[in-house]
Amino acid sequence: VSQGLAATLRALSKSRNDAATAVLVAALDGDEPSMSALAVRGLMERRSKAGQLAVLRRWRDLSDAQREACDFGRGRIAAALRDALVSGDDRLFEAAAQLALRFDEFELVATLIHVAENSTSPHVAPAIYLVQQLVDALATRLSAPADPHGRHDLQGVRCSLLESLAGSLARYRTHQRTELVEAYVALAGPECETLRKILDDPHHACFDPVIHALSHGSNPAITSLLMGMLKVPQLPHMAAKILERRTDRPLIEALLGIGLPCAAPTAANLQQITELAWLASPRQFVTAFPAAEQQAQAMRLATAAGLRAAARLDIVAEMLECAEPAGQAAALEMLAAIPGDRANKMIRAALQSNEPEVQAAAARLLRERPMPGVMNALVELVSSPHPAAAAAAREALSEFSMDNYLRRFEALEESIRTTTGQLVLKVDPEAIDKLRRELEDSHRMRRLRAIRAATSVGGLPLLADALVQRLEDEDHVVRAAAAEALQHCTGSDVRDALLAALNDRSRSVQNAAEASLSALEGAVWATTTPPERPHA
Amino acid sequence: MSTTAPLPGLLGQLSHWQRLGDGFRSSTNPWQMSELAPYLAGLGLAALVGLLVHFWRQHNDMSLRCDNPRKLFRELCQAHGLDAQQRRLLLEVAEAACPYQPALVFLQPQSFAAERLPPALAERAAELTSLRERLFA
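For the record, the sequence lines run as chains Y and R.
With this note's numbering applied, the first sequence covers -18 to 517.
With this note's numbering applied, the second sequence covers 3 to 139.
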């Protein structure tokens, strides 16, 4: 716009002379398209209802440029739009509807409700449609991050709209417009008292339409509302039922998005859900949601929900057949709280799975759930090349720890000491370290027990250095035991240490060292010159 | 000797008492209309001045709400800072192109086309070109 025209436009827009409106309308109807667009802008900037209505009347004939110029009316045209919507004129209504959506004129909902409830109005259906569109737009804006430069105080607008829609709910018996009820539901928050009152009162006039809206409403705001209700205390019973029955993908995805384990109110609310219709056929669910993480999350959700044991078992059985390994593993976790033979069979079968993740999940269950006939499978699993499976098996066999073994060592028979000890060495990755620490204990009995335990578990070769240190022990019984145990170890340092022990001040140590050296070196020992032995 | 006059005697002279204040009234001439003339003239003058101010404001105060095409024309001339000569010239163009809405000339560059101008303005082509450029360029 040139400087001169800008000055004209500014003067015409701000003039308190109503003739300016007439001038702009005349320019709008003129031959010069560029001036028409300018006139539209001027009329939009003027707060003259007559001028703005003149533009709306010509809306169908406006070019794209002229329609774009209407954007200057944002925030200034609400009164004209209101008049256009109630005018009964098709052209005006159409134009007002388009601009209302374009400018997010949420405040027009009150007017539109008035039109929608008026059975004699020719624009009932379009008014309802427009209410839905505006409510959807507002709900979308509310769910988006706050815009610091936004024109609207969105929460204030929401409250205002809810008030208008609540009035419409009160008149529901008269107008019977379920779409208006759905619009209310879409804007009502999870803690809305009116909505909760309706949900708790089957005799309320709006009970059926509200239930219908919550059960079948495709509006994302309704999904958000149901999810919101899950997160606040006291989930209404009907809302729980609706969450049980809905099988639409957006809701399932929203449910799968719940972070588990969840906060106390959500956990309590999930317990109210005793059925999940979308998991009635896990195979169909797996087909619809092939991603492993989604399947696993679904199983975690089913675990957190208050499903009956039989339903859980059915779900796990089918998931073990068709789900991804992560889904199967998560499904197995559901069995933790379900006793019985059927669950046990599933766990046994899972232990034999080809998937380490599934094996690990089954093994983890066995820690709290001792089951006959699974020990061998667990012991085998300890040697699994897959760290997760091996760790889970170790966890399940955590009873076989070196600490427990040492504690009960004296009470065990010799044969059991050996078999159990070998198992402990396999299961407890820290067994050797624990023995090493035990060898350094201040109590001589514990040091002696450690040497005997190391012998029983067959771990002496791994403790050669610690045993060599014990040859310097203050107690000659310990030194003798260490010297005796070293016959099972190899290495030049062991031999040197035993040779040194031949000079020990204790005869029993000397004998033990000599015996060990004999055992170790055999013929080699015979060729070496024995050192001079000190006399006891 | 009794000091009180008998009551019936006093009541009998009541008509005389009613005339007692007559002697205090002005003895000058009665009130004349001509005495008001200066005041009326002053009032008339004040009303005239008020009317003139009112009309002046109606004519020139652009902040007053109105529906006046010619005033709008003047308002736009003011907005563009046109001098009296330019205003007169523009008004002639406007009266030829859009007599009912002279301000429309500010949004109709085609009004300055030679074929639309009255013959009397043909000689002032240079001024018109300058004015057109000022308004639209």
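Even for Gly, the Cβ is constructed at its ideal location relative to N, Cα and C.
Computed from a predicted structure; not experimentally measured.
Residue j beta carbon less than 8 Å from that of residue i
{"i": "Y/His457", "j": "Y/Ser487", "result": "yes"}
{"i": "Y/Gln319", "j": "Y/Arg293", "result": "Note that residue 319 of chain Y is Ile in the sequence shown here, rather than Gln. Cβ atoms of Y/Ile319 and Y/Arg293: closer than 8 Å."}
{"i": "Y/Val475", "j": "Y/Val459", "result": "no"}
{"i": "Y/Leu332", "j": "Y/Ala317", "result": "no"}
{"i": "R/Val107", "j": "R/Ala116", "result": "no"}
{"i": "Y/Phe87", "j": "Y/Val138", "result": "yes"}
{"i": "Y/Met327", "j": "Y/Leu362", "result": "no"}
{"i": "R/His82", "j": "Y/Ala(-12)", "result": "yes"}
{"i": "Y/Ala65", "j": "Y/Leu43", "result": "no"}
{"i": "Y/Gln313", "j": "Y/Leu260", "result": "The sequence given here has Leu at residue 313 of chain Y, not Gln. Contact: no."}
{"i": "R/Pro146", "j": "R/Leu91", "result": "Residue 146 of chain R is absent from the structure shown; chain R starts at 3 and stops at 139."}
{"i": "Y/Leu161", "j": "Y/Val105", "result": "no"}
{"i": "R/Pro120", "j": "R/Ala98", "result": "yes"}
{"i": "Y/Leu102", "j": "Y/Gly69", "result": "Checking the sequence shown, residue 102 of chain Y turns out to be Ser, not Leu. Taking 8 Å as the Cβ cut-off, Y/Ser102 and Y/Gly69 qualify as a contacting pair."}
{"i": "Y/Ala435", "j": "Y/Leu452", "result": "no"}
{"i": "Y/Ala463", "j": "Y/Ser489", "result": "no"}
{"i": "Y/Leu420", "j": "Y/Arg428", "result": "yes"}
{"i": "Y/Gly439", "j": "Y/Leu416", "result": "no"}
{"i": "Y/Ala447", "j": "Y/Leu467", "result": "no"}
{"i": "Y/Phe390", "j": "Y/Val408", "result": "no"}
{"i": "Y/Ser196", "j": "Y/Arg230", "result": "no"}
{"i": "Y/Pro442", "j": "Y/Thr401", "result": "no"}
{"i": "Y/Pro217", "j": "Y/Asp182", "result": "no"}
{"i": "Y/Glu225", "j": "Y/Gly198", "result": "no"}
{"i": "Y/Ala298", "j": "Y/Ala341", "result": "no"}
{"i": "Y/Tyr165", "j": "Y/Leu146", "result": "yes"}
{"i": "Y/Leu359", "j": "Y/Leu387", "result": "no"}
{"i": "Y/Asp248", "j": "Y/Ala220", "result": "For the record, residue 248 of chain Y in the displayed sequence is Ala; it is not Asp. Contact: no."}
{"i": "Y/Ala494", "j": "Y/Leu483", "result": "yes"}
{"i": "Y/Gly(-15)", "j": "Y/Leu5", "result": "no"}
{"i": "Y/Leu404", "j": "Y/Ala412", "result": "no"}
{"i": "R/Leu66", "j": "R/Arg59", "result": "yes"}
Presumed contact (8 Å Cβ cut-off) between residue i and residue j, rounded CB distance
{"i": "Y/Phe270", "j": "Y/Ala279", "result": "7 Å"}
{"i": "Y/Leu89", "j": "Y/Ala81", "result": "5 Å"}
{"i": "R/Leu137", "j": "Y/Ala1", "result": "Going by Cβ atoms, the distance from R/Leu137 to Y/Ala1 rounds to 16 Å, so no, they are not a contact pair."}
{"i": "Y/His185", "j": "Y/Thr159", "result": "Not quite, the Cβ-Cβ distance comes to about 14 Å (not below 8 Å), so this is no contact."}
{"i": "Y/Ala120", "j": "Y/Leu168", "result": "6 Å"}
{"i": "Y/Ala277", "j": "Y/Ala311", "result": "4 Å"}
{"i": "Y/Arg117", "j": "Y/Asn200", "result": "Residue identity differs from the one stated: residue 117 of chain Y is Asp in this sequence, not Arg. The pair is a contact, with the Cβ atoms about 6 Å apart (cut-off 8 Å)."}
{"i": "Y/Leu37", "j": "Y/Leu(-10)", "result": "Actually they are not in contact, since the Cβ atoms of Y/Leu37 and Y/Leu(-10) sit about 20 Å apart, beyond 8 Å."}
{"i": "R/Leu123", "j": "R/Leu133", "result": "Not really, about 11 Å apart at Cβ, beyond 8 Å."}
{"i": "Y/Gln47", "j": "Y/Ser17", "result": "6 Å"}
{"i": "Y/Val21", "j": "Y/Ala3", "result": "Between Y/Ala3 and Y/Val21 the Cβ distance is about 15 Å, and since that is not below 8 Å, they are no contact."}
{"i": "Y/Arg41", "j": "Y/Leu9", "result": "The Cβ separation is near 14 Å, so there is no contact."}
{"i": "Y/Met352", "j": "Y/Asn325", "result": "6 Å"}
{"i": "Y/Arg152", "j": "Y/Glu98", "result": "6 Å"}
Bridge partners - residue i, DSSP secondary structure assignment
{"i": "Y/Asn(-2)", "result": "R/Cys68"}
Closer than 7 Å: residue i CB and nearest the ligand NAP heavy atom
{"i": "Y/Val162", "result": "Ligands displayed in this structure: none; no statement on the ligand NAP is therefore possible."}
| Using 8 Å as the threshold, is the region 297 to 309 of chain Y in touch with the region 334 to 341 of chain Y, meaning 3 or more CB pairs across them? | Because the criterion of three Cβ pairs below 8 Å is met, the region 297 to 309 of chain Y and the region 334 to 341 of chain Y touch.
| query | Whole alpha helix (DSSP H) runs in the region 423 to 491 of chain Y with 4 or more residues, listed along the chain? | reply | DSSP runs (the alpha helix (DSSP H)) wholly in the region 423 to 491 of chain Y: 425 to 438, 445 to 451, 457 to 466 and 473 to 482.
| said: I want to know whether the region 93 to 101 of chain Y touches the region 45 to 60 of chain Y - three or more CB-CB distances under 8 Å. | reply: Cβ pair count under 8 Å is below three, so no.
| request: Would you check if there are 3 or more beta carbon pairs closer than 8 Å linking the region 197 to 216 of chain Y to the region 246 to 258 of chain Y? | output: Three or more pairs of CB atoms, one per stretch, sit closer than 8 Å, so the region 197 to 216 of chain Y contacts the region 246 to 258 of chain Y.
| query | Counting Cβ pairs closer than 8 Å, one from the region -13 to 3 of chain Y and one from the region 23 to 32 of chain Y, do we hit at least three? | reply | With a cut-off of 8 Å, the region 23 to 32 of chain Y and the region -13 to 3 of chain Y count as touching, because enough Cβ pairs lie within range.
| message | Suppose only complete runs of 3+ residues qualify. What are the beta strand (DSSP E) ranges in the region 67 to 113 of chain R, listed by chain order? | response | The qualifying runs do not exist here; there are none.
| task | Examine the Cβ distances between the region 196 to 206 of chain Y and the region 237 to 244 of chain Y and report whether three or more of them are shorter than 8 Å. | result | Touching, no.
| Using a Cβ cut-off of 7 Å, which residues of the region 76 to 87 of chain R contact any Cβ in chain C, in chain order? | Among the chains of the structure shown, chain C does not appear; the protein chains present are Y and R.
| message | Runs of 4 residues minimum, wholly inside the region 330 to 371 of chain Y: which ones carry the alpha helix (DSSP H) assignment? | response | Scanning the region 330 to 371 of chain Y for uninterrupted alpha helix (DSSP H) segments of 4 residues or longer gives 337 to 348 and 356 to 363, listed from N- to C-terminal end.
| query | In chain order, which alpha helix (DSSP H) runs of at least 4 residues are fully inside the region 258 to 337 of chain Y? | reply | As far as the region 258 to 337 of chain Y is concerned, its whole alpha helix (DSSP H) runs of at least 4 residues are 263 to 269, 273 to 285, 290 to 303, 306 to 314 and 322 to 332.
| said: To test your reading of the DSSP string, which unbroken alpha helix (DSSP H) runs of 4 or more residues are found completely within the region 134 to 188 of chain Y? | reply: Taking 4 residues as the shortest admissible run, the region 134 to 188 of chain Y contains the following complete alpha helix (DSSP H) segments, listed from N- to C-terminal end: 135 to 151, 153 to 156, 159 to 168 and 174 to 180.
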